[in-house]
Amino acid sequence: MSVLIQEETLNSEHFLELSVESGINPELIALNFQSMSGDRVYDSLCSSPNIKRLNTGRLPQWVMTLMEQPEQGGWWCSGLDPLDDWKDMWWGCFKPDTPRLEKPKGFDPDAKPKAIKYEHPLKTKTRAFFLRVPDSIWEAIAQRHGLIIRDSDRELGFWQWVWEHPSIPVLVTEGVKKAACLLSNGYAAIALPGISMGYRAIKNESGTVLRRELIPELQHFATLGREFIFCFDHETKQKTIQSVNTNLGITASLLTKSASQVKVIQLPGPQKGVDDFIVAQGAEAFDACYQQAISVDEWQSHQPHLLTYTPTVVVNQRYLGELDLPNSGLALIKSPKGTGKTTALEKRIDDATQEGRRCLVISHRIQLGRGICAKLGINYIDEVRESETGGMFGYGLCIDSLHPDSQARFNPHDWKGAIIVLDEVEQVLWHVLNSSTCYHTRVAILKTLKTLIEVVIKSEGLIIAQDADLSDLSVDYLLALANTKLDPWLLVNQYKPENGWDVYFYETPDPSPVVGKILSLLQDDKRCYVALDAQKAKSRWGSKNLESYLAKKFPEKKILRIDSETVCDPESAAYGIIDHLNEDLLNYDIVIATPSLGTGVSIDVKGHFHAVFGIYQGAIPSTEIRQAIARVREEVPRYVWAKTFSACKVGNGSLHYRNLLKSVQQFVKRTIVMLKDVDFNVDAASDPISLRTWAKMAARVNGSMQRYRESLRAGLIEEGHTLYSMGTDPNPDGSKKIKQDITEERDTNRQSEAQAIADAPEIDPIEAARLKDKRAKTDEERRMYAKHDLQTRYGIDVTAELKLKHDDGWYRKLQLHYFLTHDPQQVRDRDKTHLSGHIERGGGQICLQDMRLLTGKVEALKIFKIETFMDPDRLLRKTDEDLIAFQNLAFQYRNDIKTVLGFRVSDNANPIQVLGMFLNSLGLKLECVKREVLKDGSRQRVYRYLLPHDGREQVFAFWKEQAERPQADITDQTNAASGQMAA
1 MSVLIQEETL NSEHFLELSV ESGINPELIA LNFQSMSGDR VYDSLCSSPN IKRLNTGRLP
61 QWVMTLMEQP EQGGWWCSGL DPLDDWKDMW WGCFKPDTPR LEKPKGFDPD AKPKAIKYEH
121 PLKTKTRAFF LRVPDSIWEA IAQRHGLIIR DSDRELGFWQ WVWEHPSIPV LVTEGVKKAA
181 CLLSNGYAAI ALPGISMGYR AIKNESGTVL RRELIPELQH FATLGREFIF CFDHETKQKT
241 IQSVNTNLGI TASLLTKSAS QVKVIQLPGP QKGVDDFIVA QGAEAFDACY QQAISVDEWQ
301 SHQPHLLTYT PTVVVNQRYL GELDLPNSGL ALIKSPKGTG KTTALEKRID DATQEGRRCL
361 VISHRIQLGR GICAKLGINY IDEVRESETG GMFGYGLCID SLHPDSQARF NPHDWKGAII
421 VLDEVEQVLW HVLNSSTCYH TRVAILKTLK TLIEVVIKSE GLIIAQDADL SDLSVDYLLA
481 LANTKLDPWL LVNQYKPENG WDVYFYETPD PSPVVGKILS LLQDDKRCYV ALDAQKAKSR
541 WGSKNLESYL AKKFPEKKIL RIDSETVCDP ESAAYGIIDH LNEDLLNYDI VIATPSLGTG
601 VSIDVKGHFH AVFGIYQGAI PSTEIRQAIA RVREEVPRYV WAKTFSACKV GNGSLHYRNL
661 LKSVQQFVKR TIVMLKDVDF NVDAASDPIS LRTWAKMAAR VNGSMQRYRE SLRAGLIEEG
721 HTLYSMGTDP NPDGSKKIKQ DITEERDTNR QSEAQAIADA PEIDPIEAAR LKDKRAKTDE
781 ERRMYAKHDL QTRYGIDVTA ELKLKHDDGW YRKLQLHYFL THDPQQVRDR DKTHLSGHIE
841 RGGGQICLQD MRLLTGKVEA LKIFKIETFM DPDRLLRKTD EDLIAFQNLA FQYRNDIKTV
901 LGFRVSDNAN PIQVLGMFLN SLGLKLECVK REVLKDGSRQ RVYRYLLPHD GREQVFAFWK
961 EQAERPQADI TDQTNAASGQ MAA
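Anchor point for the sequence shown: position 339 equals 339 in UniProt numbering, and the numbering is continuous, going up by one each time.
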């Protein structure tokens, strides 16, 4: 069909704009676009009945003023209405030749008026564009997807045909020209008039958002299995990127809830819109982007890692060298691992020392902080007393000590005009917001940090924050803490190694093949560096077990284990090793290191290690894995294994920070209401900036954990390394033997350690308090303290069996069972004491993420009437009516169960399985007593509640006795080591 462009339909300028500049098919232009001016503009934009006209029937003056420029002419586009049997839609958009100017909202006197590029019908809800599609494009789209167009399809029309074929992906873009360009190139595309117009916020009378809903047109297409692919603009402005990402995330989440699948196309630029991109780079270039579309989950997991601030300096250097940093303000450095970020600061710190300007280094691990201070030529905090300068030029400390009551007696006002170095700032901030080691002093640390930032900035000091993975989250938080308008200086080093490492990436069910490779290299007299995320004997692949396993295999090899125990044990070779790390490592054939070695530590030995190994079971985020295996700077091969999915989570495990924020706020508020006589304003007592940053970082961690292996793989590729997939185990029999041997080693080590603690000498509370505060402990001291802790918690004789059960989480389960079955006032008293302790330590403030309240958990169990099923004389069948009702209630409140009780009720769980999940949270079980044959010939298992015979009654008696003592609190012995991230 030939198309004749007539002057009264579409003038030549408009036609050239659409066909040449935006690459739109002429047939599609003729069906959907037209030029108009004068009264026709008013008819299209001002016909809403919601516009109150004057008594004369004329439009009000405010409308006439708005239309002064648009009525002079432009082009109009409208499509078809999916909600009205695909008839012509009267709603559309108008692009005026002379846009009107509108002053931005707000009170900025310097703000310039903004040109309104597109106009939509006034006083009318926005719609989505479903353009009329000519047969030639329809046939191209059908061919792309291997479909046939029948005569009956042609009668119903293109979009009805798309609706009836959910296998056809629907692309969603912003702006009708872009959708028209995509259609012209064979993609079924619809357009939203704006990035936030795929959904509507439903509000109450006070303006509070109650919920969000898809616009009806999108909801109509959101059928089971339908794939939506978002293709929004390539943005470069920080605020625009954040706005686009937020709105895309909301719309995608609503589509996902409607059982649709969502992907995202990321345009590489430099062109902004997809139409400009296709015109400039061609349809094949866009098709490559289309083929590389990622799932919305993967896309969302990338967003919290972005840095969208505009760089002041961009370099591409293997080593940073000396930096021309500003004298004051906030200096940010994003540079890959091993590019000499700390070395680049040496001269600046040395110059500052000569000028009498103090320097403070803040880290999140002691070993890391000591290493940085050694490089920069300043003391670490524990060296200050014996130093000749006595901290005159500054010092370094762990952020855990950044408060007045620490041994450092830190005063932020002592640092006016100073230089503050936040090395590995992403992990420093995550540590202070979430780490268990900051649990009791978090409020004090955060207050001090805020004051320190304010004091330094206002006194023209300099804050240097650097990280290989620097993101908006850290920058936003630091700017918020500064509490003043601040333009950060930002250096971005875009360097990527030409070749990177050779990474052999194992996809096997367990790391046995990786251990097999270690054995092979050691047999060939090679030396290995092994990085792990676990230390305890409980962990099969932890540092203790791997050390003892390799020691038996190679008794002649020298092994160094660097973990949280050895670096604090004066009798260990790892004690104080950070001060001369590169020299000492040359003495060892095998080095086994956990995250205790710290990010930022640089192992610069050459020609010593022949390979680096990484074994990761899901205890740390993938960003920290990449840091750990980069400690050895030499480009030797890496052999890496990571679990597919990590069971660790932060909060309720959500990937969306708003959900995390809402869950923790609601949980604490509801519990306080249950405490009845507690008058405490949670919102006023918590810092919204720190809490929001915690939630955003937590959501980022959860995203990494849910896609653990893939997240690590993607990060390694992005850094420029070459990955070799090791999906098949070349020696399955050998791997099986390795796993068996390691398992035996674990069981032996666990039992030996547990027995050693049971046999340790008993100590009194005074000695226990001394050992608790003592940083350096021998194995014997550590065992004595562990035994005392178990005695204090349980009130019974400490045996090896008790230690093993405790390591498996027995305490928390017993605690919940006790409060469920005893006087309900006890759990409320416990929570009151717990809450008041946080309020007192925080000077009236609390951190919501640290609240370990139990009343809500106990009340939840009571709502589900769990005790009615804890009868050993009753037989339980999955067909029991009350069990089915119990299952239905659990399905109905599965989100609350996940938030409050910490486990997820799976979709396909039967009533018995659901009951088992609840009982497991109390450390209880069901047992199968028989199998019945039903009338239809099928078999059914019969269960009953299994009375526990594990000694808990003795523990309960001790707790009850303690509770009856005046002002006793038997349960607020918070296991801070569990932290927020719990399996």
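Cβ coordinates follow ideal geometry from the N, Cα and C atoms, glycine included.
Residues of its chain near residue i, where Cβ-Cβ distance is below 8 Å and the 5 sequence neighbours each way are ignored
i, result
"R670", "G856"
"E964", "none"
"F903", "I897, M917, N920 and S921"
"R212", "Y199, R200, A201, I202, I250 and L254"
"residue 1064", "Coverage of the chain is limited to positions 1 through 983, which leaves residue 1064 absent and any answer about it impossible."
"S564", "Q535, T594 and S596"
Status (buried if at least 16 other CB within 10 Å, exposed otherwise) for residue i
i, result
"D907", "exposed"
"residue 984", "The first residue shown for the chain is 1 and the last is 983, placing residue 984 beyond what the model contains."
"R750", "buried"
"A977", "Low local confidence applies: a pLDDT of 31 at A977 is under 50, so the model's placement there is unreliable, and no value is given."
"C928", "exposed"
"E119", "buried"
"H949", "exposed"
"G651", "buried"
"G542", "buried"
"G57", "exposed"
"G727", "exposed"
Cut-off 6 Å between Cβ atoms - residues of its own chain near residue i, not counting five sequence neighbours on either side
i, result
"residue 984", "Not covered by the structure: residue 984. The range shown for the chain is 1 to 983."
"A695", "Y657, L660 and L661"
"Y529", "V591, F609, V612 and V632"
"E7", "Model confidence at E7 stands at a pLDDT of 41, short of 50, so the residue's coordinates are unreliable; what they give is reported in the following sentence. Result list for E7: empty, nothing under 6 Å."
Residue i versus residue j: straight-line alpha-carbon distance, rounded
i, j, result
"K458", "Y395", "21 Å"
"K553", "T743", "15 Å"
"residue 984", "A786", "Lying before the first or after the last residue shown, residue 984 is absent from the chain, which here runs from 1 to 983."
"G340", "Y657", "33 Å"
"L661", "L28", "47 Å"
"I265", "A30", "28 Å"
"L707", "F645", "According to the sequence provided, residue 707 is Arg. The question's Leu does not apply to it. Approximately 6 Å, taken between the alpha carbons."
"S512", "V591", "18 Å"
"A275", "I362", "A small fix is needed here, since residue 275 is Asp in this sequence, not Ala. For D275 and I362, the distance between alpha carbons rounds to 48 Å."
"E355", "I349", "10 Å"
"D589", "L861", "54 Å"
"L83", "V133", "18 Å"
"K103", "C231", "29 Å"
"G282", "I141", "18 Å"
"V492", "L345", "15 Å"
"S167", "R226", "6 Å"
Own chain residues within Cβ distance below 7 Å of residue i, not counting five before or after
i, result
"I603", "L581, N582, L585, R631, V632 and R633"
"K123", "S48, N50 and I51"
"residue 1044", "The structure shown does not extend to residue 1044, since the chain is modelled only from 1 to 983, so the question has no answer here."
"A115", "P99 and L101"
"A280", "Q271"
Collapsed DSSP secondary structure at residue i in the structure displayed
i, result
"Y724", "strand"
"V664", "helix"
"S539", "coil"
"K52", "coil"
"G516", "helix"
"V682", "coil"
"Q6", "Bear in mind that a pLDDT of 37 at Q6, under 50, signals an unreliable position, so the number given afterwards is only what the model happens to contain. It is coil, neither helix nor strand."
"P99", "coil"
"C528", "strand"
"L853", "coil"
"W163", "helix"
"W75", "strand"
Distance between beta carbons of residue j and residue i, contact taken as under 8 Å
i, j, result
"A418", "G461", "5 Å"
"residue 985", "F609", "No answer is possible for residue 985: the residues shown for the chain start at 1 and end at 983."
"H817", "G951", "That belief does not hold up - the Cβ atoms of H817 and G951 are roughly 13 Å apart, past 8 Å."
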